[in-house]
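*Asks:* In the working numbering, the protein residues as written are 114 to 186. Where a beta carbon is used, it is the ideal one built from N, C-alpha and C, also for glycine. Keep in mind the model is a prediction, meaning the values are calculated, not measured.
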């Protein structure tokens, strides 16, 4: 995918279940959504990504990967 193929994008900030700030970026392409989720804390920087035809499912995939990377250690 190329930048010219992006239909829309936005960034959302919210507190995680551990009260840390999560950044969720949503990028809409013509045929799918790409979502990244990130946390920066005293243990480091953590990232999760998700791709799906449905925005909510892409976000769930990204958050699941993020939480495994950041908290499941």
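Suppose you measure from the CA of residue 163 to the CA of residue 148; what does that come to, to the nearest Å?
*Replies:* As a position in the chain shown, residue 163 is number 50, starting the count at 1. As a position in the chain shown, residue 148 is number 35, starting the count at 1. Using only the alpha carbons, I get a separation of about 5 Å.
*Asks:* For residue 139 versus residue 179, is the C-beta spacing smaller than 9 Å?
*Replies:* Here residue 139 corresponds to residue number 26 of the chain shown, with the count starting at 1. Here residue 179 corresponds to residue number 66 of the chain shown, with the count starting at 1. No, the Cβ-Cβ distance between residue 139 and residue 179 is not below 9 Å.
*Asks:* State the Cα-Cα distance for the pair residue 167 and residue 141, rounded to the nearest angstrom.
*Replies:* Start at 1 with the first residue of the chain shown, and residue 167 comes out as number 54. Start at 1 with the first residue of the chain shown, and residue 141 comes out as number 28. Taking the straight line joining both Cα atoms gives about 10 Å.
*Asks:* Where do the N-terminal and C-terminal ends of the alpha helix (DSSP H) with residue 149 fall, by residue?
*Replies:* Counted from its first residue, the chain shown places residue 149 at position 36. Unbroken run through residue 149 is the beta strand (DSSP E), 146–154; no alpha helix (DSSP H).
*Asks:* Would you list the residues sitting across from residue 123 in a DSSP beta bridge?
*Replies:* Numbered from 1 along the chain shown, position 10 holds the residue referred to as residue 123. Note: residue 123 sits in a beta bridge opposite 139.
*Asks:* Answer yes or no: do residue 175 and residue 161 have a C-beta to C-beta separation smaller than 9 Å?
*Replies:* Indexing the chain shown from 1 puts residue 175 at position 62. Indexing the chain shown from 1 puts residue 161 at position 48. Yes.
*Asks:* Just reading off the beta strand (DSSP E) that residue 164 is part of, what are its end residues?
*Replies:* Along the chain shown, read from residue 1 onward, the residue named residue 164 stands at position 51. Start and end: 157–165.
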